[in-house]
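This report refers to the structure that appears directly beneath it.
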Amino acid sequence: MRLNRRHFLAGSAAATATLGAPALLRAQPSEYVIASSLPLTGPFATAGQMVAPALRMFEALVNEDGGIGGVPIRVTAEDSGYVPANALANYQRALATEPNLIMYFGDSTGFMKLVAPELRGENARLMGSTSFASELSDPANNPYQYLPGPSYEDQFDILLQQIADEGGSTVAFIFSNTEFGRDPIAHGRARAEELGLRVVLEEATREQGADIPTHVTQLAQSGAEFCILQGYVTGVWPQLIGGARQFGLPTRFMGTFWGMENAIADRVTAEAGPILDGYAGVMPYKYFYDPERGPVYERYATFQKTAFAGTPLENYMPTWGLQALLSLTIGVEALRKVADKGLELSADNAAEALSELRDWDTGGFFGVPVTMEANKIGTGRVYQYSAETRLFTPTSDWFTV
Amino acid sequence: MITGNLKTSYRADEQVLNNRWKRGFVLAAIAGLAAIPLFGNNYIVLIACQMGIMLIAVTGVNVVIGYTGLMSLGHAAFVAIGAYATVIFHNAAGGVIPESLLTLVAIPFAVVVSALAGIIVGLPSLRVKGLYLAVATLSANFIVIFLIEEQLFAPWTGGMNGINTPTANLLGWELSTRRELFWLIAVLAVLALLAAQNLFRTRVGRAFIAIRDRDYSAEILGISLYRYKLMSFAISAAYCGLAGALFAYFYARILPEQFDLHLSLMLVAAIIVGGMGRTMGAVYGVIIIVMVPEVIKVVFGALAGGGAELAMIRAPIQEIAFGALIVGFLLFEPFGINQIIDRALRALNRWPFARG
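Protein sequence lines correspond, in order, to chains A and B.
If you're matching positions, the first sequence starts at 1 in the numbering used here and goes up one per residue.
If you're matching positions, the second sequence starts at 1001 in the numbering used here and goes up one per residue.
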């Protein structure tokens, strides 16, 4: 057979297909895996147990949209008991057993800090988490870790600005004696000074079972007009507010993300009366019941109504679940950008794509388009709780710090 | 009693591994350990390293609880002291001692600092014992964690935020991966075990056992309780300090919460489940405490799938299964797994002439 142009082209195409097929197969696995650690047992099991179904919903909806670059995702979860070393073992197990692991979701600041120095070379994966720790917003040192909202320091900035705008002059910081509680304190002290506010009390408490009367007495003696609470989830902060009200203190209380769950505030109101009325704090996202919730929340609501019928998630998604969903959405969005460019879904490429999330419409999580700056989204607004409506409602416009 | 274990010289009788079965077992174990970094995946190496570090600490706890009969619920404090001493030493002596020698000096430094802390924490053992001593040692755990977290010491300890740890370097060989670090951990764990086994053939070890069995009888026999109780605490804390030093090299960052009461309880639980006062008790205890939860996770994960929603049900069941396993051991064999293994080996040794 003579080699003419047609034969040459056909032969080349066949050779390319034969030689290229394995590479193509390698580039397109049958699924991508997103693994996670959740506190399904231990002190924060309440939150973990509510977030786990949200992950299943996330998997289903991403796959409905064609997965990542046409490849479906699988989301796995493992219990950490809120012990950082357990979460680290979970991460290592996922690395060893899931060859298509493209992203990880961690469940504590402790874990994120423990794992951060290990995210190098083949051990690196894009990593979102439940934490808003300020130290994690550091792309120079932790390029793969990101925050799905403002850091605790940012949240303190927003609250202190609010206090200054309202003409306040004295503020107290009460925080749990944990890394979580102490995170924004030094920064908050400096920021208060800049704004001309006097920090009259810095009081550390236990994270559970704190000695409420002692702390309330300290607060009373300080004479603070405002008090910011930090480092609590389900307990201590409502008791502190209740104790202050019993004491007759006029202090106005404020909190950050983990102290802003509507379900907890409702439970407190049902059990202890309207003690939380007027309690305000920073929430990066719209609440699930927001009348102007966007298309993403609507889609979640439709899914939840059928998939979670008869459970507390049938009509509501707690803020903890929204945070996990947004964190995963950010990661998938970055990975999709990488896939669209035809690049490998490596941690380095994904980290680079994070910085491309600019003026991004999240479809309802935030009321404004947001930008990933220094591996965090510094946007949020102040909400206030009303014991009458039993809802947190916004009292400020959206801030970006 | 092992039958047919005949000796023809005192030298043979005095050997640590005094029969061919023990020698064979130790050689097989060393070969098994060597296979881990060569053939195991990252996860297996991770768990093996964790077990090695725990094994050294549990062996230390065994010295004070199992052999000397002094209850302690504060040994996580010594692990913490060892870990933080290592990091502080690296940071302080970094420019003075060559990098290739730092680890070789830092580890003994951590061991000595922990041993000194052990002497201080052991002081109450001269006046109280049993539950009272447990409470006294428990306070050591809280005090040490409190001091580590204190803002005053934060420039050295990192306070609440923890501190990044250095990479081990043995004469220029940088142990930057877990696979490399495993060699160091495994060698030190085997040496620590052999040293513990040997300790109880010495005058000091026998004094510890005498104190455990009846302290005032031991004193009448001429054993100084003051000296040997403190020595027991010091040796025990030194083991934990060594574990702490390896802990610091193993994790890229250490946080105070890693050394809280939970770790102290795990150390005690391991030795109770494994078998107190027996060298291999620490080994079996660590297998149960560290490896079994992981095996349960892997088995349950394989059976039920790794799905997020199933994990909600799986997680508490895993905890219950692990708890039931420990309760089962305590109910059916209060002397620990070591006793079960001993019984099985005896039966095997006498078979077919006798059982049990």
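All C-beta atoms in this analysis are idealised placements derived from N, C-alpha and C, irrespective of residue type, glycine included.
### Query
How far does the beta strand (DSSP E) with N371 of chain A in it reach, from first residue to last?
Walking along the first sequence from the start, residue 371 of chain A turns up at place 371. First, the residue type needs correcting, since residue 371 of chain A is Thr and not Asn in the sequence shown. Looking at the DSSP string, T371 of chain A is not in any beta strand (DSSP E), and its letter there is neither H nor E.
### Task
Using alpha carbons as the reference points, say which of A:I241, A:L195, A:L159 lies closest to I212 of chain A.
Start at 1 with the first residue of the first sequence, and residue 212 of chain A comes out as number 212. It is A:I241.
### Query
Whose C-beta lies closer than 6 Å to the C-beta of G378 of chain A among residues of the same chain, with five residues either side of it excluded?
As a working note, residue 378 of chain A is residue 378 in the first sequence. The residues P150, D154, T400, V401, in chain order, have a CB closer than 6 Å to that of G378 of chain A in the same chain once the five nearest residues on each side in sequence are set aside.
### Message
So with CB distances below 9 Å, who are the chain B contacts of L38 of chain A?
### Response
As a working note, residue 38 of chain A is residue 38 in the first sequence. The contacting residues are A1308, A1311, M1312, A1315.
### Residues in the stretch 39-53 of chain A having any Cβ partner in chain B nearer than 7 Å
Per Cβ criterion, the list reads L40, T41, Q49, A52, P53.
### Task
May I ask which residues mark the beginning and end of the alpha helix (DSSP H) holding T109 of chain A?
Here residue 109 of chain A refers to the residue found at position 109 of the first sequence. Per DSSP, T109 of chain A belongs to the alpha helix (DSSP H) from 109-115.
### Task
Determine the chain A residues that contact K1022 of chain B at a beta-carbon separation under 7 Å, and present them in chain order.
Counted from its first residue, the second sequence places residue 1022 of chain B at position 22. Near K1022 of chain B there are no residues of chain A at all, since even the closest Cβ is about 32 Å away, more than 7 Å.
### Query
What do you reckon, are the CB atoms on Y1249 of chain B and L1175 of chain B nearer than 8 Å?
As a first step, residue 1249 of chain B must be located in the second sequence, where it is residue number 249. As a first step, residue 1175 of chain B must be located in the second sequence, where it is residue number 175. It is a contact, given that the beta carbons lie within the stated cut-off.
### Query
Going along chain A in order, which residues have a C-beta closer than 8 Å to the C-beta of N1164 of chain B?
In the second sequence, counting from the first residue as 1, residue 1164 of chain B sits at position 164. Ordered by position in chain A, the residues that pass the 8 Å Cβ test against N1164 of chain B are P117.
### Chain-order list of residues whose beta-carbon lies under 8 Å from that of F1322 of chain B (same chain, five-residue window excluded)
Counted from its first residue, the second sequence places residue 1322 of chain B at position 322. If we look at F1322 of chain B and ignore the five residues flanking it on each side, its Cβ neighbours are V1292, P1293, I1296.
### Query
What is the rounded straight-line gap between the Cα of F44 of chain A and the Cα of E314 of chain A?
Your numbering for residue 44 of chain A matches position 44 in the first sequence. Your numbering for residue 314 of chain A matches position 314 in the first sequence. If I take the Cα positions, the gap works out to 21 Å.
### Task
Taking 8 Å as the threshold, find out whether the stretch 329-343 of chain A comes into contact with the stretch 106-124 of chain A through three or more Cβ pairs.
Result no; under three Cβ-Cβ pairs closer than 8 Å.
### Query
Going straight from the alpha carbon of A1034 of chain B to that of T1167 of chain B, what length do you get?
Here residue 1034 of chain B refers to the residue found at position 34 of the second sequence. Here residue 1167 of chain B refers to the residue found at position 167 of the second sequence. A1034 of chain B and T1167 of chain B: Cα-Cα distance of roughly 22 Å.
### Query
Contact check, S137 of chain A vs S80 of chain A under 8 Å by CB: the rounded distance?
Walking along the first sequence from the start, residue 137 of chain A turns up at place 137. Walking along the first sequence from the start, residue 80 of chain A turns up at place 80. So it is not a contact: roughly 22 Å between Cβ atoms.
### Query
Using a beta-carbon distance below 8 Å, is K376 of chain A in contact with chain B?
Residue mapping note: residue 376 of chain A aligns to position 376 of the first sequence, counting from 1. Under the 8 Å criterion on CB atoms, K376 of chain A is classed as non-interfacial with respect to chain B.
### CB contact below 8 Å: Q1015 of chain B versus chain A
Position 15 of the second sequence holds residue 1015 of chain B. It does not: the Cβ of Q1015 of chain B has no partner Cβ on chain A nearer than 8 Å.
### Proximal residues to A263 of chain A (C-beta, below 8 Å), its chain only, five neighbours per side dropped
The residue labelled residue 263 of chain A in the question sits at position 263 within the first sequence. So the list reads P312, Y316, P318, once near-sequence residues are dropped.
### Message
Between the alpha carbons of L1102 of chain B and N1169 of chain B, how many angstroms are there, rounded?
### Response
Start at 1 with the first residue of the second sequence, and residue 1102 of chain B comes out as number 102. Start at 1 with the first residue of the second sequence, and residue 1169 of chain B comes out as number 169. C-alpha separation (whole angstroms): 7 Å.
### Task
Below 7 Å between beta carbons is the criterion; list the residues of the stretch 72-89 of chain A that meet it against any residue of chain B, in chain order.
Result list: V75, T76, A77, E78, D79, P84, A85, A89.
### Message
So, at 6 Å on beta carbons, what are the nonlocal neighbours of L357 of chain A in its own chain, with the 5 sequence-adjacent residues on each side left out?
### Response
Translated into the one-based positions of the first sequence, residue 357 of chain A becomes position 357. Result list for L357 of chain A: M372, in chain order.
### Task
Flag Y1251 of chain B as yes if its beta-carbon sits less than 8 Å from any beta-carbon of chain A, otherwise no.
Sequence index remark: in the second sequence, residue 1251 of chain B carries index 251 (1-based). It does; some Cβ of chain A falls within 8 Å.
### Message
For a contact defined as C-beta to C-beta under 7 Å, what are the partners of K1297 of chain B on chain A?
### Response
Within the second sequence, residue 1297 of chain B is the residue found at index 297, counting from 1. The answer, in chain order, is E78.
### Query
Which runs of the alpha helix (DSSP H) spanning at least 4 residues fall entirely within the stretch 1270-1329 of chain B, listed in chain order?
List check, alpha helix (DSSP H) in window: 1279-1286, 1292-1304.
### Message
My assumption, with CB atoms under 8 Å, is that A1237 of chain B sits in contact with F1078 of chain B. Please give the rounded CB distance.
### Response
Position 237 of the second sequence, counted from the start, is the residue given in the question as residue 1237 of chain B. Position 78 of the second sequence, counted from the start, is the residue given in the question as residue 1078 of chain B. Correct: roughly 4 Å between the Cβ atoms.
### Message
Between L325 of chain A and chain B, is the shortest Cβ-Cβ distance under 8 Å, so that the two count as touching?
### Response
By one-based count along the first sequence, residue 325 of chain A stands at place 325. Closer than 8 Å: no.
### Message
Measuring only the C-alpha atoms, how far is S1224 of chain B from A1207 of chain B?
### Response
Position 224 of the second sequence holds residue 1224 of chain B. Position 207 of the second sequence holds residue 1207 of chain B. Cα to Cα, the separation comes out at about 9 Å.
### Task
Would you mind giving the Cβ-Cβ distance between V382 of chain A and A224 of chain A, rounded to the nearest angstrom? I have them listed as a contact below 8 Å.
What you label residue 382 of chain A is simply residue 382 of the first sequence in a count that begins at 1. What you label residue 224 of chain A is simply residue 224 of the first sequence in a count that begins at 1. Their Cβ separation, rounded to whole angstroms, is 18 Å, which puts V382 of chain A and A224 of chain A out of contact at 8 Å.
### Query
By a C-beta neighbour count over all protein chains shown, 10 Å radius and 16 as the cutoff for buried, is Q304 of chain A buried or exposed?
Locating residue 304 of chain A in the first sequence gives position 304, where the first residue counts as 1. Buried, since its Cβ has 16 or more Cβ neighbours within 10 Å.
### Message
Assuming contact is defined by CB atoms lying nearer than 8 Å, are F132 of chain A and L119 of chain A in contact in what I supplied?
### Response
Position 132 of the first sequence, counting from 1, holds the residue named residue 132 of chain A. Position 119 of the first sequence, counting from 1, holds the residue named residue 119 of chain A. No, Cβ-Cβ distance for F132 of chain A and L119 of chain A is not below 8 Å.
### Query
Over what stretch of residues does the alpha helix (DSSP H) that includes M103 of chain A continue unbroken?
Position 103 of the first sequence, counted from the first residue, corresponds to residue 103 of chain A. Looking at the DSSP string, M103 of chain A is not in any alpha helix (DSSP H); the run it does join, the beta strand (DSSP E), is 101-106.
### Message
Using only the alpha-carbon positions, how far apart do V1063 of chain B and R1212 of chain B sit?
### Response
For this step, residue 1063 of chain B is matched to residue 63 along the second sequence. For this step, residue 1212 of chain B is matched to residue 212 along the second sequence. Answer to the nearest angstrom: the Cα atoms are 11 Å apart.
### Query
At what residues does the beta strand (DSSP E) containing R206 of chain A begin and finish?
The count along the first sequence starts at 1 and reaches residue 206 of chain A at position 206. Counted as a single uninterrupted DSSP element, the stretch harbouring R206 of chain A is not any beta strand (DSSP E), since DSSP gives it neither H nor E.
### Query
Counting only runs that start and end within the stretch 38-83 of chain A, where is the alpha helix (DSSP H) found for 4 or more residues in a row?
Listed in chain order, they are 45-64.
### Task
Step through the CB atoms of chain B and report whether any lies within less than 8 Å of the CB of E388 of chain A.
Taking the first sequence and counting its residues from 1, one reaches residue 388 of chain A at position 388. Not one chain B Cβ lies under 8 Å of E388 of chain A.
### Query
Under 8 Å Cβ-Cβ, which residues of chain A neighbour Q1318 of chain B?
The residue given as residue 1318 of chain B occupies position 318 in the second sequence. D79, listed in chain order.
### Reduced DSSP secondary structure (H/G/I, E/B, other) of A21 of chain A
Taking the first sequence and counting its residues from 1, the one referred to as residue 21 of chain A is at position 21. A caution first: A21 of chain A carries a pLDDT of 47, below 50, which makes its placement in the model unreliable, though a value can still be read off. Residue state, collapsed to three classes: helix.
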